[in-house]
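Numbering of the sequence shown is given in this note's numbering, commencing with residue 152 and proceeding in unit increments. Notes for the one structure printed next.
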Amino acid sequence: MRVRESGRGLSLAIILSMFVLIGPASRDASAVVTEIVGSARARVVQFGPNIPTESDSSVASVPTTVPNPPAIAEAQLSRVQPEGQTTAGGSAQAVFEPPNLSGFGLPNDVGFDLGCFTDDNETTWLVEGAVTERRTIVLDSNQTGTEIVVGPTERARSRVLLSGVMLITSLDPQRDLSGVEVELNVSVTKYDDMETPPSEEVLAGRLVLRGGPLGAVTVEEATGAFATIAPPVLDFSALVVNLPLIKAVIFAGVELPYEYNYRPNRPFDLELEVTSQIRNIPGGTGGAAVFGLPQTGLGDILAKVKQDDRGDQLAAVISEQVDTTGAAYQGVGIPSLFPTCGLFGIETALTLFALGGARRRRRRKSHAR
Numbered sequence: 152m153r154v155r156e157s158g159r160g161l162s163l164a165i166i167l168s169m170f171v172l173i174g175p176a177s178r179d180a181s182a183v184v185t186e187i188v189g190s191a192r193a194r195v196v197q198f199g200p201n202i203p204t205e206s207d208s209s210v211a212s213v214p215t216t217v218p219n220p221p222a223i224a225e226a227q228l229s230r231v232q233p234e235g236q237t238t239a240g241g242s243a244q245a246v247f248e249p250p251n252l253s254g255f256g257l258p259n260d261v262g263f264d265l266g267c268f269t270d271d272n273e274t275t276w277l278v279e280g281a282v283t284e285r286r287t288i289v290l291d292s293n294q295t296g297t298e299i300v301v302g303p304t305e306r307a308r309s310r311v312l313l314s315g316v317m318l319i320t321s322l323d324p325q326r327d328l329s330g331v332e333v334e335l336n337v338s339v340t341k342y343d344d345m346e347t348p349p350s351e352e353v354l355a356g357r358l359v360l361r362g363g364p365l366g367a368v369t370v371e372e373a374t375g376a377f378a379t380i381a382p383p384v385l386d387f388s389a390l391v392v393n394l395p396l397i398k399a400v401i402f403a404g405v406e407l408p409y410e411y412n413y414r415p416n417r418p419f420d421l422e423l424e425v426t427s428q429i430r431n432i433p434g435g436t437g438g439a440a441v442f443g444l445p446q447t448g449l450g451d452i453l454a455k456v457k458q459d460d461r462g463d464q465l466a467a468v469i470s471e472q473v474d475t476t477g478a479a480y481q482g483v484g485i486p487s488l489f490p491t492c493g494l495f496g497i498e499t500a501l502t503l504f505a506l507g508g509a510r511r512r513r514r515r516k517s518h519a520r
């Protein structure tokens, strides 16, 4: 089924909030999306020196396991002591949402909510989430009254917009946090079987928030698209009762631009992949990565383990800095790379991802989840 889009640009949006915008270089070009497939994966692994390794995972994909989005993958484990007390937990949710191809409203297609916390001396967590979306696209010149033929290579510009949070927390502000880390990877790959080579990675970025001695938390391995825009580490440690250390990086509309070549009227694929993972260590440490979804995972774990509302307090503090759902960006103009290009997004639990094309003659649209 061909989905005709009434817009002057093609856009990939990620709302982790993540947005991806794709805007063809030709001002007369229009976009047709002929196929959209995607998947979401979630995994939680519990391990330690004196406990058996356990894991929980799930995969949802369009159209293999579900005919249409949303595709929701969830995984969750808790460490429960013999007396019934929960001392640690890990949870992961990854979502591939129905893409918004209209150019109006919220453009989120992808979201993550990952979290873990340990209040004993032996449990360690690995929490992972991944979402991919692949679209088959045709960009044409839309020249009325002329025969449409495959033309020479043209250049298109696009971008990914990120909105979300990565954080590390500890019950001891002087704790050696070596081994605690939160990681984010973003990539966009173009596929065209008639090109040599048939695939080209047009965007790639990796960022790791890593703990160190005496409660240190730093941004490391900010490579690729993140090399020149690594956000600062913010300290919220004094703002939440009973959480002496909270350090985070915030993404509020961070732009990751990219470009690629295409041939008008010839189909090609664009694949967006976003992955995130958290590792912690025993002894009162935890972490979270939330893009495109409300902050619930870490808060629910803290409520089970500590039996209080410190998780809700943490979510409130982060919400003052960034809307991880992306909803706050609805209706807020974000200048596109071309005056007539709209902003489209793929929305999901992390922040969202979206791909879409839209023709804009007099106004711009921008959205995020």
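Glycine included, C-beta positions come from ideal geometry on N, C-alpha and C.
Apart from the 5 residues on each side of it in sequence, F377 sits with its Cβ closer than 6 Å to the Cβ of G356, L358 in its chain, given in chain order. Of the candidates A193, V183, T237, V184, the residue whose Cα lies closest to the Cα of S427 is A193. In the DSSP assignment, no residue is bridged to K457. In this structure, the straight-line span from the alpha carbon of F198 to that of R414 is close to 50 Å. Of the candidates G280, L385, V311, L385 places its Cα closest to the Cα of Q472. In chain order, G362, G363, P364 place their CB closer than 7 Å to the CB of S329, counting only its own chain and leaving out the 5 sequence neighbours on each side. Under the rule that a run must span 3 or more residues, the beta strand (DSSP E) segments found entirely inside the segment 353-417 read 368-375, 396-413. Counting other Cβ atoms within 10 Å of its Cβ, V339 reaches 16 or more and is therefore classed as buried. Q464 sits in a helix when the DSSP states are folded into three classes.
Every beta strand (DSSP E) stretch that sits fully inside the segment 255-289 and reaches 3 residues is listed by chain position as 261-269. Here the C-alpha atom of V213 lies approximately 16 Å from the C-alpha atom of D420. Cβ contact annotation for T374 (same chain, cutoff 6 Å, sequence separation greater than five): R357, in chain order. Distances from the CA of P395 to each of Q446, L465, P383 were compared; the closest alpha carbon is that of L465.
Contact check between the segment 232-240 and the segment 454-462: three or more CB pairs, one atom from each, fall below 8 Å, which counts as touching. Residue range 237-247 is occupied by the beta strand (DSSP E) that includes G241. Secondary structure of S470 (DSSP, three-state): helix.
By DSSP's assignment, E234 forms no beta bridge with any residue.
The beta carbons of L312 and V405 sit about 7 Å from each other, so the pair counts as a contact at 8 Å. With respect to F387, I401 sits apart: the two C-beta atoms are not nearer than 7 Å. In the structure shown, the three-state DSSP call for L322 is coil. Beta bridge pairing from DSSP links G443 with no other residue. Spanning the alpha carbons of D207 and E225 requires a straight line of approximately 9 Å. In this structure, Y409 keeps its C-beta atom at 7 Å or more from the C-beta atom of K341. Going by C-alpha positions, V289 is about 11 Å away from D343. In this structure, the alpha-carbon of W276 lies about 29 Å from that of V217.
With a 10 Å radius around the Cβ and a threshold of 16 neighbouring Cβ atoms, V392 comes out exposed.
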